[in-house]
Amino acid sequence: MDNIIEINNLHKSFNDVKAVNDLSFRVKKGELFAFLGVNGAGKSTTINIMCGWLKKDSGEVMINGFNLDKDGDKIKNLLGVVFQNSVLDSALSVYENLKSRASLYDIHGEKFISRLNELCKILDFEDLLKRPVGKLSGGQRRRIDIARAIIHKPQILILDEPTTGLDPQTRKLIWQVITDLRRSENMTVFLTTHYMEEASEADYVVIIDNGSIATEGTPLQLKNTHTGDFITLYQASEEDAQKLGLPYEKTRDGIKLSVKNTAEATELITKHPKLFVDYEITKGKMDDVFLAVTGKNLTEASK
Amino acid sequence: MKTLITLTKRNVKLFFKDKGMFFTSLITPAILLVLYATFLSNVYKDSFMSGMPQGVVISESLINGLVGGQLVSSLLAVSCITVAFCSNFLMVQDRVNGTIKDLTISPLKPTTLSVSYFIATFISTAIICFTATIICLGYLAITGWYLTFGDTLLILLDVLILTLFGTALSSVVNFFLTSQGQLSAVGTIVSAGYGFICGAYMPISSFSPALQKVVGFLPGTYGTSLLRNHTLRGVLGEMGSQGIPTSALEGVKESLDCNLYFFETQVQTSAMFIILCASFIVLLGLFVVFNIIKNKKKN
Chain A
3 MDNIIEINNL HKSFNDVKAV NDLSFRVKKG ELFAFLGVNG AGKSTTINIM
53 CGWLKKDSGE VMINGFNLDK DGDKIKNLLG VVFQNSVLDS ALSVYENLKS
103 RASLYDIHGE KFISRLNELC KILDFEDLLK RPVGKLSGGQ RRRIDIARAI
153 IHKPQILILD EPTTGLDPQT RKLIWQVITD LRRSENMTVF LTTHYMEEAS
203 EADYVVIIDN GSIATEGTPL QLKNTHTGDF ITLYQASEED AQKLGLPYEK
253 TRDGIKLSVK NTAEATELIT KHPKLFVDYE ITKGKMDDVF LAVTGKNLTE
303 ASK
Chain B
-4 MKTLITLTKR NVKLFFKDKG MFFTSLITPA ILLVLYATFL SNVYKDSFMS
46 GMPQGVVISE SLINGLVGGQ LVSSLLAVSC ITVAFCSNFL MVQDRVNGTI
96 KDLTISPLKP TTLSVSYFIA TFISTAIICF TATIICLGYL AITGWYLTFG
146 DTLLILLDVL ILTLFGTALS SVVNFFLTSQ GQLSAVGTIV SAGYGFICGA
196 YMPISSFSPA LQKVVGFLPG TYGTSLLRNH TLRGVLGEMG SQGIPTSALE
246 GVKESLDCNL YFFETQVQTS AMFIILCASF IVLLGLFVVF NIIKNKKKN
C-alpha cells in the first residue's frame, strides 16, 4: 500500500511552547488511522497545519504526493473534515448548507444534484433536506456533517472526535456509516478520538505526547508491547490464585490474573489444567496502552 | 462566479433568517421612531412655530411635512449604517463559531470569500433601506407630500450612496473583530452612538461649537445632511412661496442641518456627495489592502 500522508520532521512552536516537535509519521492509502493524545498534545496543531490553517515552522507535509508548500490548493481538494463541533449554518436547511459548501469546490447544478442524491442514499438523509440544521438531532446533524465533508469526494476524511457527546447508539450508527463509506468511497480515514474502543478498530495508531510521538503501531502491536494479558478464572477460589504467585484482582465473577503475555498464559494453563476449567484470556485494552505510554488517562485528561 | 453568487446568497439568507441579527439592526431606527412618536415630533413642531415671525400662519400639512421630512432623513441616515454593520457581523460570526474553517478548508480563494461578505452586506442593507425608503415616502404622502420627482430620485441616490458607505465602513471595522465580546461591543456602540454623531437624534446645530467641528470630520454627517436637504427642499420651498421670509427659512435650514459647515465654510450638497463617494472609495481601498496583507501573512 502507498503512503497517502507523509509527515517529516514537523515543527511548530507558539512562543516558547513547542506544540509539535520533530513529528514524523506515515498514513497508508485506505486505512483507518488513529491519532491519539490528550488535549494540548499537538493533535489539533498537526491537523491545522495539514489543512493549511496554520503555518509550520519547519518540516515537510506530503499528501498524495503533493507538497503542502507548493500545492496547497490541490491538497485542499483531497481533504474532507468532520469537525468536533458542527460548523454548518444552523439557520439554513440541509439542502442550502450542502449547496453552499458544494459551490466551494465548484460543484454546481446537475453535478451537485447528482452528488446530493448519492449522499442521500449513502447517509440516508433525504427526508431531512428541507429541515434547518439547527433543528436536527445530534446523530442526524453528524450525518449531515459527514455529507458536507465528503461532498467533493475527498481521498482523506479527517474525523476530529466525531462521536464526542453522542449517545452509544448514535455512535454505533455513525461508525457503521463511516465503515460503509470507507468501503464504498475507498477513503483513508484520519481519526482523533477520546474513545479507546474506537481507536482499537484502527489499522494503525500513533500516540503523541508533548508534540512528539510517544509510540506507534497496530492496536495489536501496541497491546503486546505496552500491556500484558489477563486471565479471568470463573470457578476458582482466591486461595487457588494465591498459589499461582501472580498479581490478581478479585472480581464479582471470579479472579482476574495478570500475565506478561499470551505465551505465559498458555504455559500457566498447561501447568495447572485442573484450575483452568472455566476461564477467559483477554488482551490489555487501548486505555491501558495509553496509560502505560503517556502516564495519562486519555478520557480523564480530556475532561 | 457561480461560487461567489452561491456564497453571497448564503450570507444574505443567513442575515434574514437570523432573527437576532435582523432585529438588532432595526434597534436604532426603532429608537428614533419611539423618540419622534413620544416627544421629538411635538418639540420640533413647537420650535418651528415659535421661530416663525408674528402674523405668519403655516398650515398643519406644511408643519407635518417639515417634521416628517426630518424624521425620514434621520431614519434613513442611521439605518443605512446600522443595518450594514449588523449584516456584516456575519463575517465575524463565521470566525467566532468556526465556520470560517469549514469554508477555508476548500480551495476557495480568500478574495472570493471577502467579496461575498461585502456584496451580501450591501444587498441585505439595500433591501432593508430601500424598503424603509418606500415606507417613509408613503408616510410623507399621508402626512404632507412636498417632494418633487427629482428630490425623490435624489433621496434614493442618497440611500444608495449611504448604503455603499455603510457597507465599506462596516467591512473595515469588522475586519479586525475576532470574538463575540468585540462583536457585541461594536454593535452596541454603533447602535447607540451613530444616531447621535451623525445628527439623526439631535441636529448637529444644537451641539457645542467644538463638537460640531469634530463631527465635521465624520463623513456620515454629510450623508444625514444630504438626506435632510432632499427631504426638506420641497416643503421649505412651499413655505417660501407662502410668504415666509427668507431669513426665517434660512434659520430653519440652519437649525435642521440643511446648511452644514466645516469649520466656518459652508459645505455644498455637491461637495457632500463627493465626500461620501470619496470616503466609500477610501474605505473600500482599505478593505482591499487589509485583505491583501492578511492573505500574504497566511502564505
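From first to last, the protein sequence lines are chains A and B. Everything in the first sequence is counted per the working numbering, starting at 3 for the first residue and increasing by one. Everything in the second sequence is counted per the working numbering, starting at -4 for the first residue and increasing by one. Glycine residues also receive a C-beta, built at the ideal position from the N, C-alpha and C atoms.
Beta-carbon contacts of residue i that lie in its chain and below 7 Å, excluding the five residues immediately before and after
i                      : result
residue 21 of chain A  : 14, 15, 44, 47 and 213
residue 242 of chain A : 277
residue 297 of chain B : Here chain B covers residues -4 to 294 and nothing more, so residue 297 of chain B does not appear.
residue 62 of chain B  : 36, 39 and 40
residue 111 of chain B : -1, 2, 3 and 6
residue 138 of chain B : 59, 60 and 63
Neighbourhood of residue i by C-beta distance below 6 Å, restricted to the same chain and skipping five residues each side
i                      : result
residue 123 of chain B : 78
residue 74 of chain B  : 24, 124 and 127
residue 218 of chain B : 72, 157 and 271
residue 169 of chain B : 83, 86 and 87
residue 279 of chain A : 237
residue 237 of chain B : none
Nearest-angstrom Cβ-Cβ length linking residue i and residue j, presumed shorter than 8 Å
i                      : j                      : result
residue 153 of chain A : residue 117 of chain A : 6 Å
residue 95 of chain A  : residue 131 of chain A : 7 Å
residue 67 of chain B  : residue 135 of chain B : 6 Å
residue 160 of chain A : residue 81 of chain A  : 6 Å
residue 77 of chain A  : residue 65 of chain A  : 5 Å
Start-to-end residues for the alpha helix (DSSP H) that takes in residue i
i                      : result
residue 46 of chain B  : 36 to 46
residue 8 of chain B   : -3 to 12
residue 199 of chain A : 198 to 201
residue 146 of chain A : 140 to 151
residue 190 of chain B : 175 to 192
residue 207 of chain B : 204 to 210
residue 213 of chain A : Neither: residue 213 of chain A is in no alpha helix (DSSP H) and is coded neither H nor E.
residue 84 of chain A  : Residue 84 of chain A -> not in any alpha helix (DSSP H); beta strand (DSSP E) instead, spanning 81 to 84.
residue 217 of chain B : 214 to 236
Extent of the continuous beta strand (DSSP E) to which residue i belongs
i                      : result
residue 43 of chain A  : Neither: residue 43 of chain A is in no beta strand (DSSP E) and is coded neither H nor E.
residue 194 of chain A : 190 to 194
residue 250 of chain A : 250 to 252
residue 290 of chain A : Note, residue 290 of chain A: premise wrong, no beta strand (DSSP E); alpha helix (DSSP H) at 288 to 296.
residue 76 of chain B  : Run containing residue 76 of chain B: none in the beta strand (DSSP E); it sits in the alpha helix (DSSP H), 55 to 91.
residue 28 of chain A  : 19 to 30
residue 137 of chain A : Per DSSP, residue 137 of chain A belongs to no beta strand (DSSP E) and is neither H nor E.
residue 107 of chain A : No beta strand (DSSP E) holds residue 107 of chain A; DSSP gives it neither H nor E.
residue 234 of chain A : 231 to 235
residue 63 of chain A  : 60 to 65
residue 110 of chain B : Per DSSP, residue 110 of chain B belongs to no beta strand (DSSP E); it is in the alpha helix (DSSP H), 105 to 138.
residue 13 of chain A  : 5 to 16
Cutoff 8 Å; reference residue i; Cβ partners in own chain excluding five residues on either side
i                      : result
residue 282 of chain A : 233, 234 and 236
residue 215 of chain A : 25, 26, 27, 208 and 209
residue 176 of chain A : 141, 144, 145, 148, 164, 165 and 168
residue 22 of chain B  : 77 and 186
residue 182 of chain A : 124
residue 102 of chain A : 91 and 94
residue 56 of chain B  : 138 and 139
Proximal residues of chain C, C-beta to C-beta of residue i below 7 Å
i                     : result
residue 35 of chain B : The question asks about chain C, but that chain is absent: this structure's protein chains are A and B.
ask   = Would you call the region 49 to 65 of chain A and the region 5 to 13 of chain A in contact, with 3 or more CB pairs under 8 Å?
value = yes
task = Could you name the residues of the region 58 to 82 of chain A whose beta carbon sits closer than 7 Å to any beta carbon of chain B, in the order they occur along the chain?
result = So the close ones are 75, 78, 79 and 81.
key: Contact set between the region 10 to 21 of chain B and chain A, restricted to residues whose Cβ is under 8 Å from the partner   = Answer in chain order: 12 and 13.
query = Using a Cβ cut-off of 8 Å, which residues of the region 87 to 100 of chain B contact any Cβ in chain A, in chain order?
reply = The region 87 to 100 of chain B vs chain A, Cβ under 8 Å: 92, 93, 94, 96, 97, 98, 99 and 100.
request  = Output, in sequence order along the chain, the residues in the region 108 to 125 of chain A whose CB is closer than 7 Å to any CB in chain B.
outcome  = 108 and 110
query = Of the residues that make up the region 157 to 182 of chain B, which ones have a beta carbon closer than 7 Å to any beta carbon in chain A?
reply = none
message = To be precise: take each residue of the region 90 to 103 of chain A, compare its Cβ to all Cβ atoms of chain B, and keep it if any distance is under 8 Å. Which residues remain?
response = For the region 90 to 103 of chain A, which is checked against every Cβ of chain B, the residues closer than 8 Å are 90, 91, 93, 94, 98, 101, 102 and 103.
message = Taking contact to mean 3 or more Cβ pairs, one atom from each stretch, closer than 8 Å, check whether the region 186 to 204 of chain A and the region 102 to 113 of chain A are in contact.
response = Contact between the region 186 to 204 of chain A and the region 102 to 113 of chain A is absent: fewer than three C-beta pairs spanning the two stretches fall below 8 Å.
ask   = When Cβ atoms are compared, which residues of the region 35 to 49 of chain A fall closer than 8 Å to chain B?
value = none
message = So if I threshold CB-CB distances at 7 Å, which residues from the region 100 to 123 of chain B count as touching chain A?
response = 100, 101, 102 and 103
inquiry  = Closer than 8 Å between beta carbons: that is the criterion. Which residues of the region 177 to 204 of chain A meet it against chain B?
reply    = none
query = Hey, is the region 29 to 40 of chain A in contact with the region 193 to 209 of chain A, meaning 3+ C-beta pairs nearer than 8 Å?
reply = yes
Meets three-Cβ-pair contact criterion under 8 Å: the region 46 to 53 of chain B and the region 199 to 209 of chain B = no
query = When the Cβ atoms of the region 107 to 121 of chain B are set against those of the region 159 to 177 of chain B, are three or more pairs found closer than 8 Å?
reply = yes
task = May I ask you to list, following chain order, the residues of the region 15 to 30 of chain A that have a beta carbon less than 7 Å from some beta carbon of chain B?
result = none
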